[in-house]
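Shown next, in structure tokens, is the structure this report addresses.
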Amino acid sequence: MSEITTYQYYVGGKFVNSTSGNLIDIECPYEDRVIGRVQAISKEEADAAIAATKSAQIAWADTDLFKRAELLNKWADQLEIDAKDIAQIIMQEVGKTWNDALKEVTRTADFIRYTVQEFIHTNDSSMSGENYPGGSKNKFAIIKRIPLGTILAISPFNYPVNLSVAKLAPALISGNAVVFKPATQGAISAVKIIESFDKVGFPADVLQLITGKGSDIGDYVSEHEGIDMISFTGGATTGRHLSSFSTMKPMVLELGGKDPAIVCADADIDKAVAEIMSGAYSYSGQRCTAIKRVLVNDAVADDLVARLKTEVEALTVGMPIDNPVIVPLINKGSADYVADLIADTIAVGADLLVGNKREGNLIYPTLFDHVTTDMRLAWEEPFGPVLPIIRVASDEEAIKIANASEYGLQASVFSENFSRAVAIAGKIEAGSVQINGRTERGPDHFPFLGVKNSGMGVHGIAKTIDAMTREKLIVVNL
Ligand SMILES: NC(=O)C1=CN([C@@H]2O[C@H](COP(=O)(O)OP(=O)(O)OC[C@H]3O[C@@H](n4cnc5c(N)ncnc54)[C@H](OP(=O)(O)O)[C@@H]3O)[C@@H](O)[C@H]2O)C=CC1
Ligand SMILES: O=C(O)[C@H](O)COP(=O)(O)O
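Oh and the sequence shown: position 386 is 386 in the UniProt record's numbering, straight run, nothing missing.
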């Protein structure tokens, strides 16, 4: 049997062991084996990591922008060079298919390059006093975007590379230092991207990778006085908990969702079926932006349901290396939760059309018709491959049910009448509404936000830079 690798955390520009001596086993979601161990660092080590960013950040912010840009671009290049190695770990650690794992790395390299360009072209501006009544040419303002200091980046398991770098790159290009706390199931992927980072010669202490369970060190680092801003992506419960003690600390939260696909009576059903299938089931529904309920007009419901049933029955199911649509869920707890939700939905009388089969963490794709608003599945976020269909009599009823959710991340509206679709989109309480397309984050330079329990603040390259910087005016009086 091959030796289990122990991965180190990263501080002071070096990979080191924690003096705590505590290690966390990272289990493969789809094979009964430990794929590696990560360090569970102590609070004292977190203190030291945060403290060391302080002088490093000042020097980093003072480094010429072209030099910061050059290093970040080299990191993007290095990620592409290391892509297969990183993708292998993503696949083994979070059970993403090989193709999707590779795509996640290239998407991340693109993200870094765009972020560099975005900041270079927007960081400084100026205003002349003469533009305002009573003002004068003799007064003008140089407006700079300056970093907030040390950013705490906390990322989730499901996109362990992309959603981490979506915080690290904007922070670094704008002159911040970063303390990066990845999801524990995702921490080896985080080590891999920091190995690439380490190869290109960034100064020590501008980025520290700290590993350890959120339940042990999460509150401690989030409340830490050395942290100047928190960028968090994860579940709504964790996000709400963090926001409960974030006094005077800027924070952006990207949380869960229950994105509806509203299918109107005049929808192109072929289009709706294709988009719903990919929106709901890819990566077994483990996307914050997955379509998590269908609200279909009675007039087209039978047709839509029959076609969805055929498509769900044909979905490929298996192990990540074979690139199926449906892969095992992240862990036993998640699979238990989804299985329980399926059992409950059957018990309360919805029509099970496909699914309700489980092998270990693999939950087969499941489709329910005639789900009603008194059922848990109408409201809870499964983060698994189970889709409820709720039939509605009108657009108004669809909007009402869509908006009754505690979440408001995204929604899709399917209609061939553009005016109708836009009118519905205007009434949906969500960060984004997609017309005739699946709910999704990308392209990554679009603003990305959730309302209600789906988040606070805005992500997306330019918006993330905004959130991690503030304006500083130097007013010149000639
Ligand atoms: N809106 C969005 O953009 C996205 C939202 N999500 C949402 O994330 C959820 C799935 O991700 P998952 O990783 O399970 O989410 P969790 O909320 O469980 O974990 C997210 C991160 O928070 C950390 N954490 C846990 N407890 C604390 C704490 N007390 N203080 C600080 N940090 C803590 C976790 O660390 P540890 O792993 O060590 O517990 C992890 O790094 C889903 O609800 C999904 O919808 C996912 C992706 C994108
Ligand atoms: O947050 C998520 O789950 C991902 O960012 C979703 O990204 P995608 O919509 O591009 O899959």
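We put the beta carbon where it would ideally sit given N, CA and C, even for glycine.
Within the continuous beta strand (DSSP E) that includes residue i, where are the two ends?
{"i": "S412", "result": "410-414"}
{"i": "residue 493", "result": "As shown, the chain starts at 1 and ends at 478. That puts residue 493 outside it, with no answer to give."}
{"i": "K292", "result": "291-297"}
{"i": "N477", "result": "469-477"}
{"i": "A141", "result": "139-147"}
{"i": "V178", "result": "177-181"}
{"i": "A378", "result": "Looking at the DSSP string, A378 is not in any beta strand (DSSP E), and its letter there is neither H nor E."}
{"i": "L387", "result": "386-392"}
{"i": "V325", "result": "Premise fails: V325 is in no beta strand (DSSP E) and is neither H nor E."}
{"i": "I321", "result": "Premise fails: I321 is in no beta strand (DSSP E) and is neither H nor E."}
{"i": "residue 485", "result": "There is simply no residue 485 to check, as the chain begins at 1 and stops at 478 in what is shown."}
Looking only at its chain, what residues have a beta carbon closer than 6 Å to the beta carbon of residue i, apart from the 5 residues adjacent to it on each side?
{"i": "N162", "result": "E104, R107, T108"}
{"i": "D369", "result": "V305, D351, L353, I389"}
{"i": "E118", "result": "I461, A462"}
{"i": "R441", "result": "T289, F448"}
{"i": "K167", "result": "A153, S231"}
{"i": "G235", "result": "G256"}
So is the beta-carbon of residue i under 8 Å away from any non-hydrogen atom of ligand 1?
{"i": "P182", "result": "yes"}
{"i": "R37", "result": "no"}
{"i": "T108", "result": "no"}
{"i": "residue 480", "result": "Past the edges of the chain, shown from 1 to 478, lies residue 480, and the structure says nothing about it."}
{"i": "P328", "result": "no"}
{"i": "G13", "result": "no"}
{"i": "F232", "result": "yes"}
{"i": "K452", "result": "no"}
{"i": "P156", "result": "yes"}
{"i": "L148", "result": "no"}
{"i": "T238", "result": "yes"}
{"i": "Q57", "result": "no"}
{"i": "R242", "result": "First, the residue type needs correcting, since residue 242 is Leu and not Arg in the sequence shown. Answer for L242: yes, Cβ within range of ligand 1."}
{"i": "F448", "result": "yes"}
{"i": "E31", "result": "no"}
{"i": "D219", "result": "yes"}
{"i": "L367", "result": "no"}
{"i": "Q208", "result": "no"}
{"i": "L387", "result": "no"}
{"i": "L255", "result": "yes"}
{"i": "Q185", "result": "yes"}
{"i": "K84", "result": "no"}
{"i": "H459", "result": "yes"}
{"i": "G226", "result": "no"}
{"i": "S2", "result": "no"}
{"i": "G426", "result": "no"}
{"i": "K213", "result": "yes"}
{"i": "S284", "result": "no"}
At a cut-off of 8 Å, is residue i close to ligand 2 when judged by its beta-carbon and the heavy atoms of the ligand?
{"i": "Y7", "result": "no"}
{"i": "Y407", "result": "no"}
Kindly indicate the opening and closing residues of the alpha helix (DSSP H) around residue i.
{"i": "S128", "result": "Looking at the DSSP string, S128 is not in any alpha helix (DSSP H); the run it does join, the beta strand (DSSP E), is 124-128."}
{"i": "V433", "result": "Per DSSP, V433 belongs to no alpha helix (DSSP H); it is in the beta strand (DSSP E), 432-435."}
{"i": "I269", "result": "269-281"}
{"i": "K192", "result": "187-199"}
{"i": "P170", "result": "162-173"}
{"i": "A46", "result": "43-62"}
{"i": "Y337", "result": "332-347"}
{"i": "Q208", "result": "No alpha helix (DSSP H) contains Q208, which is instead part of the beta strand (DSSP E) from 207-209."}
{"i": "F66", "result": "65-81"}
By Cβ distance, which residues of its chain are closer than 7 Å to residue i, with the 5 residues on each side in sequence left out?
{"i": "L71", "result": "V200, G201, F202"}
{"i": "T469", "result": "R145, I146, P147, L148, S174"}
{"i": "A402", "result": "P260, I262, L295, A411, I428"}
{"i": "A183", "result": "S155, P156, F157, P160"}
{"i": "N22", "result": "A40"}
{"i": "V165", "result": "T108, F111, I112, I193"}
Give every residue of the same chain whose Cβ lies closer than 8 Å to the Cβ of residue i, excluding the five residues on either side of it in the sequence, and list them in chain order.
{"i": "A48", "result": "V11"}
{"i": "K452", "result": "S405, E406, Y407, G408, E429"}
{"i": "A299", "result": "A265"}
Does the beta carbon of residue i come closer than 9 Å to any beta carbon on chain C?
{"i": "I193", "result": "In summary, chain C is missing from the structure at hand, where a single protein chain is found."}
Should the segment 211-227 be called in touch with the segment 124-142, which here means at least 3 C-beta pairs below 8 Å? no
Count Cβ pairs between the segment 410-427 and the segment 261-272 that sit closer than 8 Å; are there 3 or more? yes
Please determine if the segment 219-230 and the segment 422-429 are in contact, where contact requires at least 3 C-beta pairs separated by less than 8 Å. no
On the three-pair Cβ rule with 8 Å, is the segment 285-298 touching the segment 371-389? yes
Examine the Cβ distances between the segment 158-174 and the segment 455-467 and report whether three or more of them are shorter than 8 Å. yes
So if I measure from each beta-carbon to every heavy atom of ligand 2 and keep distances below 6 Å, which residues remain? N158, Y159, L163, R287, C288, T289, E440, R441, G442
Are three or more beta carbon pairs between the segment 127-138 and the segment 193-209 nearer than 8 Å? no
How do the segment 84-93 and the segment 437-444 stand: do at least 3 beta-carbon pairs fall below 8 Å, yes or no? no
With a cut-off of 8 Å, do at least 3 Cβ pairs link the segment 5-12 to the segment 37-52? yes
Can you find at least 3 beta carbon pairs, one from the segment 245-256 and one from the segment 452-460, that sit closer than 8 Å? yes
State whether the segment 90-100 contacts the segment 314-328, with contact taken as three or more CB pairs (one from each stretch) at a distance under 8 Å. yes
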